[in-house]
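Numbering follows the working numbering, in which position 187 of the sequence shown is assigned residue number 187; successive positions increment by one, without gaps.
This report concerns only the one structure given below.
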Amino acid sequence: MNNHNERKKHWDNVYKNKQPDKLSWYEKYPVVSFDMIDATGVGPDANIIDVGGGTSSLAEHLLRNGYRRITVLDIAPSALEMAKERLGDKANDVKWIEADIMDVSLTEDYDVWHDRAVFHFLAGAQDRKRYIDAVKQSLKMGGHIIVATFSIDGPLKCSGLDVVRYSPQTLHNEFGSDFFTLIESIGIEHITPANEKQKFVFCRFKRVR
Ligand SMILES: C[S@@+](CC[C@H](N)C(=O)[O-])C[C@H]1O[C@@H](n2cnc3c(N)ncnc32)[C@H](O)[C@@H]1O
């Protein structure tokens, strides 16, 4: 999928055709994501963005734990609508951005950038560069980026699309060891709603340049 319209159509249809809790990446509690954000040590006023947040409950958990400046960005309008609906009145406490992370021009600076299962869909080097350029434009110096991808022995596809699998080292190389320090990585086995096991790796990097 090389262009924005195809990507948007694909992901919007995914959310229109399946209940959020039936999607393979569904998790009831985003425990590892939340713990890694907490481990950054940022306070409740930290500016946090969940890139490709979809219908994840991460924003809800962050709000419940006192974080006040949360942005959820996603390419799929249907996902954002469902996420807002689930939050009810609290949706007003979150900033929602419908955009393609490879085209967007973010206007704020973030302390924490979180991405669970988005970066691994970027099959082309040029797409990965655009994504990493967006990180460099909007992640504060000293800020943290948390990226979860399928691990080296994880699935080859998700949502009918090819993925690139990573180890902490290959992901670090991709982002650039001159710009980011690898702080921690955790391998986990995600159990999908269809009871399949998927190996993920979560990495937390700190921006140093
Ligand atoms: C596998 S889902 C993961 C959703 C969420 N992060 C979670 O953990 O539940 C991938 C998400 O990334 C979004 N996405 C895919 N490509 C994107 C892009 N180029 N820009 C923004 N969002 C994108 C999709 O709409 C979808 O919500």
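In this text, a Cβ means the ideal position worked out from N, Cα and C, and glycines have one as well.
{"Item": "How about Ser151 and Glu108: are their beta carbons less than 8 Å apart?", "Value": "no"}
{"Item": "For Val201, tell me which candidate among Ile132, Ile97, Leu171, Gly160 has the shortest Cα-Cα distance.", "Value": "Leu171"}
{"Item": "On the CB-based measure, 16 or more other CB atoms within 10 Å of its CB, does Ser105 come out buried or exposed?", "Value": "exposed"}
{"Item": "Given Cys203, which residues of its chain have a CB within under 6 Å of its CB, disregarding the five upstream and five downstream residues?", "Value": "Val147, Pro168, Leu171, Ser185"}
{"Item": "Unbroken alpha helix (DSSP H) runs of length 4 or more, entirely within the segment 158–194: which are they?", "Value": "168–175"}
{"Item": "Should Met102 be counted as a contact of ligand 1 given a C-beta to heavy atom distance under 7 Å?", "Value": "yes"}
{"Item": "State the start and end residues of the unbroken alpha helix (DSSP H) segment that holds Glu27.", "Value": "From DSSP, Glu27 is part of no alpha helix (DSSP H); its letter is neither H nor E."}
{"Item": "Could you tell me if Gly211 is buried or exposed, where buried requires 16 or more neighbouring beta carbons within 10 angstroms of its beta carbon?", "Value": "Shown here, the chain extends from 1 to 209; a query on residue 211 therefore has no answer."}
{"Item": "Using 8 Å for Cβ pairs, my map puts Pro30 next to Arg68. What's the rounded Cβ distance?", "Value": "That belief does not hold up - the Cβ atoms of Pro30 and Arg68 are roughly 18 Å apart, past 8 Å."}
{"Item": "Pull up the distance between the alpha-carbon of Asp127 and that of Ile37, whole angstroms please.", "Value": "26 Å"}
{"Item": "Using a Cβ-Cβ cutoff of less than 8 Å, which residues in the same chain neighbour Asp153 once the five nearest sequence positions on both sides are dropped?", "Value": "Arg165, Lys199"}
{"Item": "What residue from His61, Arg7, Ile191 has the CA that sits closest to Leu23's CA?", "Value": "Ile191"}
{"Item": "Between the Cα of Glu6 and the Cα atoms of Val72, Ala76, Arg116, which residue gives the shortest distance?", "Value": "Ala76"}
{"Item": "Over the uninterrupted alpha helix (DSSP H) stretch that includes Glu81, give me the two end residues.", "Value": "77–87"}
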